[in-house]
Amino acid sequence: MSKSVLQEQRHYLRAMGIDLWLERSQVQQRGTSVENGWQNLEQVVAVCQRCELHLCRKQTVFGRGNQQARLMLIGEAPGGEEDRQGLPFVGKAGQLLDKIISSVGLSAEDVYIANVLKCRPPNNRDPNSEEMAQCKGYLQQQVDLLQPQLILALGRIAAHSLLDVSSALSRLRGQPYVFAQTQIPLWVSYHPAYLLRNPADKAKAYEDWLKVAALLK
Ligand code: URA
């Protein structure tokens, strides 16, 4: 279709109060800029030297999953296997996480997975407050780009960092919060590595996940 015919068609559609063409091009523009946003952010994170963890990492661990997912899962920090592969939750805890996701009827398409920290702390020690402060902006930008329907914080460290609280995880789960300055609902559940060590709590985690899956529908 020639440009002038297209312009004429738009003119009539607009006169009729139909702005379908405009909307479609705007959606395409947003899609492209979001795609660029993800690529740019990943490149920035890959060379980050904002804290000392860059000295001992093999590589940064940015995220994995569908960048248009409805559910964002946020863990603590990469472990050894994640550091080797450059992907979050690909070790034993990740295998359990994948099983939990499918046990509540969700698929890989439904989730995007990231961590509070993008680099592995030595010997898997807890992240310190300086590391979390330096990395916080990256996670905030990931949330901005993804615009998930819901965020699930996995474990004490992620919950404390995202909610800026210090209560026990058992008190934090089972109720909704919101993420930072957004309106995005945030729920809290157990970390899969904790569940591997404390299988008796798997039933409670399953309850949390059923709730999350129901909220997504
Ligand atoms: N634990 C986490 O919190 N994140 C990972 O990516 C792996 C294990």
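So the sequence shown is residues 2 to 218, counted in my numbering. Glycine is no exception: its CB is placed at the ideal position from the N, C-alpha and C atoms.
Does any heavy atom of the ligand URA sit closer than 8 Å to the C-beta of Leu163? Not under cutoff, so the answer is no.
Touch test, the region 49-57 against the region 95-104, Cβ-Cβ under 8 Å, three pairs minimum: no
Proximity below 9 Å, CB of Leu153 to CB of Val213: yes
What ranges does the beta strand (DSSP E) occupy inside the region 25-111, keeping only unbroken runs of at least 3 residues that lie completely in it? 72-76
With respect to 8 Å, is the separation between the Cβ of Gly76 and the closest non-hydrogen atom of the ligand URA below this value? yes
Can you tell me where the alpha helix (DSSP H) with Ser162 in it begins and where it stops? It spans 157-164 - the alpha helix (DSSP H) in which Ser162 sits, taken as one unbroken run.
Give the secondary structure of Pro128 by DSSP, where H, G and I count as helix, E and B as strand, and everything else as coil. In the three-state reduction of the DSSP assignment, Pro128 falls in the coil class, being assigned neither a helical nor a strand state.
Rounded straight-line distance, which links the Cα of Pro186 to that of Tyr139: 19 Å
How about Asn1: is its Cβ closer than 8 Å to a heavy atom in the ligand URA? Outside the shown range of the chain, which is 2 to 218, sits residue 1, and nothing can be said about it.
What's the call for Asn199, buried or exposed, on a 16-neighbour Cβ count within 10 Å? Exposure of Asn199 is indicated by the presence of fewer than 16 other C-beta atoms within 10 angstroms of its C-beta.
Of the choices His12, Val35, Gly106, whose alpha-carbon is the least far from that of Tyr207? Gly106
Could you tell me whether any non-hydrogen atom of the ligand URA is closer than 8 Å to the CB of Tyr124? In the sequence as presented, Tyr is not what sits at residue 124; that position holds Asn. Not under cutoff, so the answer is no.
Comparing the CB of Leu140 with every heavy atom of the ligand URA, is any distance shorter than 8 Å? no
On the CB-based measure, 16 or more other CB atoms within 10 Å of its CB, does Tyr13 come out buried or exposed? exposed
What beta strand (DSSP E) runs, 3 residues minimum, are completely inside the region 161-214? 186-190
Under 9 Å, do Leu97 and Leu74 count as touching if we go by C-beta distance? no
Among residues of its own chain, excluding the 5 on either side of Ala70, which ones have a beta-carbon nearer than 8 Å to its beta-carbon? Glu110, Asp111, Val112, Tyr113, Leu147, Pro149
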